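Take the sequence shown: its letter number 67 is residue 67 in UniProt numbering, and every next letter is one higher.
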Amino acid sequence: MLPLPELALIDLDGTLIDSVPDLTWCVNAMLRELGLPERSESAVRRWVGNGVERLVERALVDDIEGMPEADLRARAMPVFMELYAAHGAERSRVYPGVEDGLTYLADRGVRLGCVTNKAERFTLPLLEALGLRARFELVVSGDSLPERKPSPRPLLYAAEHFRVAPSACTMIGDSRSDVAAARAAGFTIVCVSYGYNHGKDIRDERPDVVIDSLADFAQVFAAG
Ligand SMILES: O=C(O)COP(=O)(O)O
Ligand SMILES: [Mg+2]
Numbered sequence: 001m002l003p004l005p006e007l008a009l010i011d012l013d014g015t016l017i018d019s020v021p022d023l024t025w026c027v028n029a030m031l032r033e034l035g036l037p038e039r040s041e042s043a044v045r046r047w048v049g050n051g052v053e054r055l056v057e058r059a060l061v062d063d064i065e066g067m068p069e070a071d072l073r074a075r076a077m078p079v080f081m082e083l084y085a086a087h088g089a090e091r092s093r094v095y096p097g098v099e100d101g102l103t104y105l106a107d108r109g110v111r112l113g114c115v116t117n118k119a120e121r122f123t124l125p126l127l128e129a130l131g132l133r134a135r136f137e138l139v140v141s142g143d144s145l146p147e148r149k150p151s152p153r154p155l156l157y158a159a160e161h162f163r164v165a166p167s168a169c170t171m172i173g174d175s176r177s178d179v180a181a182a183r184a185a186g187f188t189i190v191c192v193s194y195g196y197n198h199g200k201d202i203r204d205e206r207p208d209v210v211i212d213s214l215a216d217f218a219q220v221f222a223a224g
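Put into structure tokens, the structure is as follows:
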């Protein structure tokens, strides 16, 4: 068990929301427009987590480590951005257990923030569309600060905003970037087993706790 934190920062894609159906639809609409082959939803699932630009780069070359030529990248980026702005919240769903988990923490006085690598122009409308925006006192997106996860910067920024010591904060996420950012910030780290993490088992990253649903917080945090 972990002590109940004063502040919980929760990741978006793969933790609160299954955003891959919309991301896949937009990636494939973009690829069609560019005359390139479509990619599978399971490939897109592996590529999410380092921001939408990195997703587009990976999709263009069909490789998680790859980088497209500059002019293809420059043509693709605005096409994807326009598609995702218009179609980012049509097929995405809040994971089961999320509402209960957020209520559990809020009822116990835990302050809540969302920290994602998704760009702000997509993050806020998505949270709004799926009814989660009002749950969070602070949202830090992938382009809110000069650095994003796995940097500890967004986590430390949020801790300072709430004037809570990092040792009283927990990060809740699905990927190795969440674990690395939390460790470097001095937060505890709880991971969900159902998220993306680039197709790898998140247990390999040795988070403090792994849960199958945010509804399981009663088994994670010692009350009081
Ligand atoms: O890669 C993204 O765009 C977002 O990923 P995250 O919400 O899991 O940080
Ligand atoms: Mg994530």
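We put the CB at the ideal spot given by N, CA and C, even for glycine. As the structure is a computational prediction, the values presented were derived from the model and not from experiment.
Along the chain, which unbroken stretches of the alpha helix (DSSP H) at least 4 residues long are found entirely within the stretch 93–117? 98–107
How many angstroms separate the CA atom of D178 from the CA atom of I189? 8 Å
Buried or exposed (CB count within 10 angstroms, at least 16 for buried), L132: buried
Beta-carbon proximity list for D208, same chain, < 7 Å, skipping 5 on both sides: L2, T188, I189 and V190
For ligand 1, is there any heavy atom lying closer than 7 Å to the beta carbon of L12? yes
Three-way DSSP call (helix, strand, coil) for V179 in this model: helix
Please state whether DSSP places I64 in a helix, a strand or coil. coil
Sheet register partners of D13 (DSSP bridge): I17
Can you list, in chain order, the residues of its chain whose CB lies under 7 Å from that of R162, leaving out five sequence neighbours each side? It should be pointed out that residue 162 corresponds to Phe in this sequence rather than to Arg. Taken in chain order, the residues that qualify are L7 and R111.
Quick one: using the 10 Å Cβ neighbour count with 16 as the cut-off for buried, is R108 buried or exposed? exposed
For L138, report the span of its beta strand (DSSP E) as first-last. L138 to V140
Any non-hydrogen atom of ligand 2 closer than 7 Å to T15 Cβ: yes
Please say whether A215 and D100 have beta carbons closer to each other than 8 Å? yes
Checking 8 Å against the spacing of the C-beta atoms, do S175 and G49 come in under that value? yes
With respect to the beta strand (DSSP E) encompassing M171, which residues constitute its N-terminal and C-terminal limits? C169 to G173
Does the distance from the C-beta atom of V98 to that of L16 stay below 8 Å? yes
Skipping 5 residues on each side, what residues in its chain have a beta carbon closer than 8 Å to that of H198? R46, W47, G49, I64, S175 and R176
Determine the extent of the beta strand (DSSP E) in which V209 is found, giving its start and end residues. V209 to I211
Report the residue from G113, V52 and E128 whose alpha carbon sits nearest the alpha carbon of M171. G113
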